[in-house]
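>
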Amino acid sequence: DLVQKARPTFLMLLATVALVLLIACANVANLTLARLLERGRELAIRSALGAGRARLLRQLLTESTIVALAGGALGLLLAWSTRGLLSAFAARLTPRAGEVEIDAAVLLFTLGISVLTGILAGTLPGLPGRQNVADTLLADNGRSTGDRRRHRMRTGLVAWQLALSFILLIGAALTLRSFDNLRRVDAGFRPDHVLTARLNLNFSTYTTAEHRVDAEKVNAFLRTVEDSLRQRASVVAVGAAWTFPLNNAFQNDGTFTIEGRGATTGPAPKASFIGASGAYFDALRVPLLRGRAFEERDKRNGQGVVIVNQRLARQHWGESDPVGRRLSSDGGKTWRTIVGVVGDVRQEGLESEPGGIVYLPFLDFPGYAPTVFVRTQDDPARVAEDLREAARRADPQTAVSGVRTLDAIRGEALSSPRLTSALLGLFAMLALVITAAGLGGLIAYSVSQRTREIGIRMALGADRRRITAMVLREGMTSVLTGLALGAAGALALSRLVSGLLFGVGPNDPLCFAGSAVVLVLAALAGCFLPARRATAVSPMVALRSEA
-17 DLVQKARPTF LMLLATVALV LLIACANVAN LTLARLLERG RELAIRSALG AGRARLLRQL
43 LTESTIVALA GGALGLLLAW STRGLLSAFA ARLTPRAGEV EIDAAVLLFT LGISVLTGIL
103 AGTLPGLPGR QNVADTLLAD NGRSTGDRRR HRMRTGLVAW QLALSFILLI GAALTLRSFD
163 NLRRVDAGFR PDHVLTARLN LNFSTYTTAE HRVDAEKVNA FLRTVEDSLR QRASVVAVGA
223 AWTFPLNNAF QNDGTFTIEG RGATTGPAPK ASFIGASGAY FDALRVPLLR GRAFEERDKR
283 NGQGVVIVNQ RLARQHWGES DPVGRRLSSD GGKTWRTIVG VVGDVRQEGL ESEPGGIVYL
343 PFLDFPGYAP TVFVRTQDDP ARVAEDLREA ARRADPQTAV SGVRTLDAIR GEALSSPRLT
403 SALLGLFAML ALVITAAGLG GLIAYSVSQR TREIGIRMAL GADRRRITAM VLREGMTSVL
463 TGLALGAAGA LALSRLVSGL LFGVGPNDPL CFAGSAVVLV LAALAGCFLP ARRATAVSPM
523 VALRSEA
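Each residue of the sequence shown is one higher than the one before, starting from -17 at the first, in the working numbering.
(1) Here's the rule I'm using: 16 or more other beta-carbon atoms within 10 Å means buried, otherwise exposed. How should Ile339 be labelled?
(2) So who's on the other strand from Arg136, going by DSSP bridges?
(3) With a CB to CB cut of under 6 Å and the five nearest residues on each side skipped, what residues in its chain are close to Leu58?
(4) Run through DSSP, which three-state label would Phe355 get?
(5) Could you spell out the range, first to last residue, of the alpha helix (DSSP H) harbouring Lys199?
(6) What did DSSP end up calling Gln329 once you bin it into helix, strand or coil?
(7) CB Phe255 to CB Asn234, shorter than 7 Å?
(8) Buried or exposed: where does Ala86 fall if 16 or more other Cβ atoms within 10 Å of its Cβ makes it buried?
(9) Considering only their Cβ atoms, is the gap separating Leu4 from Leu146 smaller than 7 Å?
(10) Count the C-beta pairs between the stretch 310 to 327 and the stretch 285 to 294 that are closer than 8 Å, then say yes if the count reaches three, no if not.
(11) Helix, strand or coil for Trp317? Go by DSSP, reduced to three states.
(12) Among Arg166, Ala513, Thr178 and Val502, which has the Cα closest to the Cα of Phe148?
(13) Looking at the structure shown, is Ile256 part of a helix, part of a strand, or coil, going by DSSP?
(14) Looking at the unbroken beta strand (DSSP E) that takes in Tyr341, where does it start and where does it end?
(15) Distance, Cα to Cα, Leu43 vs Gly94?
(16) Can you check whether the CB of Ser480 is closer than 7 Å to the CB of Phe161?
(17) Helix, strand or coil, according to DSSP, for Ser216 in the structure here?
(18) Per DSSP, Ala372 forms a beta bridge with which residues?
(19) Are there 16 or more other CB atoms within 10 angstroms of the CB of Glu394, so buried, or fewer, so exposed?
(20) Quick one: give me the first and last residue of the beta strand (DSSP E) that Leu475 is part of.
(21) How close, in whole Å, do the beta carbons of Gly457 and Ile425 come, if the pair is a contact with beta carbons under 8 Å?
(22) Specify the secondary structure class of Val324 as computed by DSSP and reduced to three states.
(23) By a C-beta neighbour count over all protein chains shown, 10 Å radius and 16 as the cutoff for buried, is Ala470 buried or exposed?
(24) What are the start and end residues of each continuous alpha helix (DSSP H) run of 4 or more residues lying completely inside the stretch 143 to 197, in chain order?
(25) What residue range is occupied by the uninterrupted beta strand (DSSP E) comprising Ser383?
(26) In angstroms, rounded to a whole number, what distance separates the CA positions of Arg370 and Arg296?
(27) Nearest CA to the CA of Arg165: which residue from Thr187, Leu98 and Leu332?
(28) Residues in the same chain with beta-carbon distance under 6 Å from Val321, minus the five sequence neighbours each way, listed in chain order, please.
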């Protein structure tokens, strides 16, 4: 079950890495194409001397594969040096993270991906059709029709990078908004100034002759611990329950019957059953909406009572007051009276809507190790040692574990989405830098090819602003193409990520617009240096250029 819950997040991260890899492949292919454009005459001479197309392609593949293998080795070294950090991240998603290691399978996978990357980056530049050798040798500076085809391919590769980067930016923006929404969720309780711990009783000393847990002994133990803690001036309230909020590992669901309602053809109503003391709700500041909390007289009177949360009350009684109604969890053998209604607590996690909860008096079912909650006026960590000492005095055999604050528990509930959104943001920024560099390289090459044209324009009166606008316009053409392709791709993939988001739709216009602005700004930054270089060219020098 835990693996199934973590699978979507791992798949999303894997898809993100794959997109970054494709962007890197396109960038390497672009660099290879740039080298080919500069080596046009050399390759034409090789072809004229008898080198076949396959031989030239092998040369390109060899060069690109060597670069890819070097990159794979560096990546493997980086992964090995940060394996502790990666394991710590994975531990937030699955308890089996400690089993992850760099073994033979990982090495083979890295080798395979590196070779595949080299093949992709080396094959794409060789795709344009065979160029005419005579045309190439006669063309100025060795450039020919084949070079123009390769330049168009470079433009297409940059548009491809921009599209993939746009998809990654949208994904990062969606997860960041989702995390922000999750961070603002009202969990139904106040986690500030509350310390919690699990008291692991040695139940062999709390059993009766009939081998049942002695509720009176457990009650005496808890009362001793609570009284000892209340002696501290900073302690406001002390409560106990079977578990703590936001604990998706605790499952105690069951069905129940409402008195006076006949059997229905549908399934019986379900709820989560949790034992709690009367002070539990006060310690966690869970609001009491109707009725009262549990009291000592409930046990003395032998009256079976329960408290339900607001969601369950509305599901089965609407706006009516359920206090005084009775329900049974054992098919009608034992009826318990509802004495109160409390606010909804997110018991299974921040991202899970609160379900129906039936709170039972803790001491009616004393077989659970109690989790205590201590609300203080100041830093709750200061009473940690007092809590341990109080438990030791009440029963030296009691083991105290899980001592932490509710703020820490809430922080742990946010750790996985926080790390996921941070990683996606990091990958998106990496892709953006690679793409901006690729676009800048394309524009720089275009400017170098149009040096003579720029000189003529400047000689005829074109000012620097017009030249800059001309260069930026060329870059923005690729950006607009990438935005259109990326938006279409993001819309097509939106259904796959909808289940990973919280409080935001996969087609959120704000995320799309914000990502587009970031991409355009990065593209402008990538084009700025080539544009500035173009305006710095002296018209006389440009007119003497052979380009």
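Where is the CB? At the ideal position from N, CA and C, for every residue including glycine.
Straight from the coordinates:
(1) buried
(2) BP columns for Arg136 are empty, so no partner.
(3) Cβ within range, chain order: Thr92.
(4) strand
(5) Ala197 to Arg212
(6) coil
(7) yes
(8) exposed
(9) yes
(10) yes
(11) coil
(12) Val502
(13) strand
(14) Ile339 to Pro343
(15) Answer to the nearest angstrom: the Cα atoms are 15 Å apart.
(16) no
(17) coil
(18) BP columns for Ala372 are empty, so no partner.
(19) So Glu394 counts as exposed.
(20) Leu475 -> not in any beta strand (DSSP E); alpha helix (DSSP H) instead, spanning Arg446 to Val479.
(21) 5 Å
(22) Reduced to three states, the DSSP call for Val324 is strand.
(23) exposed
(24) none
(25) Ala381 to Thr387
(26) 40 Å
(27) Leu332
(28) Gly273, Arg274 and Val287
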